[in-house]
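Those sequence lines, one after another, are chains W and P.
Per my numbering, numbering of the first sequence is gapless, rising by one per residue and ending at 140.
Per my numbering, numbering of the second sequence is gapless, rising by one per residue and ending at 1139.
Ideal Cβ positions, reconstructed from N, Cα and C, are used throughout, including at glycine.
Worksheet: the structure to be examined is printed underneath.
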Amino acid sequence: MNANEVAQLIKRYADDVKIAGVRQVFATTDKERYIEALTALRDNDLKHLTTITGVDRGDSIDVIYHIHCGESLLNLKLSVPKTDLEIETVTDIFPGATLYERELMEMLGVQVKGHPDPRRLFLSEDWPTGKFPLRKEVKK
Amino acid sequence: MGLLNYFRQKSPWILHYNTGACNGCDIEVVASLTPRYDVERLGIVKKGSPRHADILVVTGAVTRQSKDRLLRIYEQIPEPKVVVAVGNCPISNCVFNGCYNVVGPLDKHVPVDVYVPGCPPMPEAIIDGVLKVIPRLKR
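Take a look at the structure:
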């Protein structure tokens, strides 16, 4: 699927759809629509969630779903405020998201509801609970 | 010089432990075992157990997870024992300095006898470092 087709498909579920170059699509979605958006993508045969990245923006955390669309790459951004850090799991849509969501949980403290295996992934065994190393406030 | 001391100097056995290296230094340590450098001609044998080793060769920045394992291994090596820090990471944390899970440098946790700088150091440098540390094995 090329960038234009992806943009057409995602338009209903996201605002601010931007085509950057021939292979990159950026879009911003919200908590109400992102599950629908990802389901729609999966149903249109875009079954490869490349990765999920988390970015600390100060007051909110951006959770970006990178979806491989054959000819292009879709970066679907979901902004989660730090006062309500809870998102639904997408492992029922993309089973490969298990590890990415575990990383989100331990590195940024995003609560992923309904995750099948919410153990720690990378951090050492004696790491204190409630300390999230990729948060801005960790750096002095 | 006692008999044990004599043989220990003739054939020191090393234990290689990676505390969180990028594998660059490990490749160089292993390269020194290959026929081109062949440390076995100097009597140096790489062992799998700390209880058989005289020299602990550490590569990599000391991470929070590996620190306790490193101390456990160090304590299991029988006296006399010496430590060689291979690469910039155990010496100064190198590029990993300031990372949330890095608790190095190595000499904060165990006494280090020889430092081999380099990123990664050449096999010649590692062999030279190990040879320099052998006289310290004298009891």
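query                                                                                                                                                          : result
Is Y1115(P) close to chain W? Criterion is C-beta to C-beta, closer than 7 Å.                                                                                  : no
Tell me which residues share the same chain as P1080(P) and place their Cβ nearer than 8 Å to its Cβ, disregarding the 5 neighbours each side in the sequence. : R1008, D1054, R1136, L1137, K1138 and R1139
Which residue's Cα is closest to the Cα of S124(W): V1110(P), V1114(P) and N1101(P)?                                                                           : N1101(P)
Quick one, which of H1016(P), D1026(P), A1031(P) and C1022(P) has its alpha-carbon nearest P1050(P)'s?                                                         : H1016(P)
Quick one: which chain P residues come within Cβ less than 9 Å of P133(W)?                                                                                     : C1099, Y1100 and N1101
In or out: F1096(P) buried (at least 16 other Cβ within 10 Å) or exposed?                                                                                      : buried
Would you be able to state if there are at least three C-beta pairs under 8 Å between the stretch 1076-1092 of chain P and the stretch 1113-1121 of chain P?   : yes
Q24(W) bridges to which residues according to DSSP?                                                                                                            : A20(W) and L73(W)
What runs of the beta strand (DSSP E), each 3 residues or longer, lie entirely inside the stretch 35-68 of chain W?                                            : 48-56
Would you list the one or two residues that DSSP bridges to W1013(P)?                                                                                          : V1045(P)
Counting only beta-carbon separations shorter than 7 Å, does R1064(P) have a partner in chain W?                                                               : yes
Could you tell me if N1093(P) is buried or exposed, where buried requires 16 or more neighbouring beta carbons within 10 angstroms of its beta carbon?         : buried
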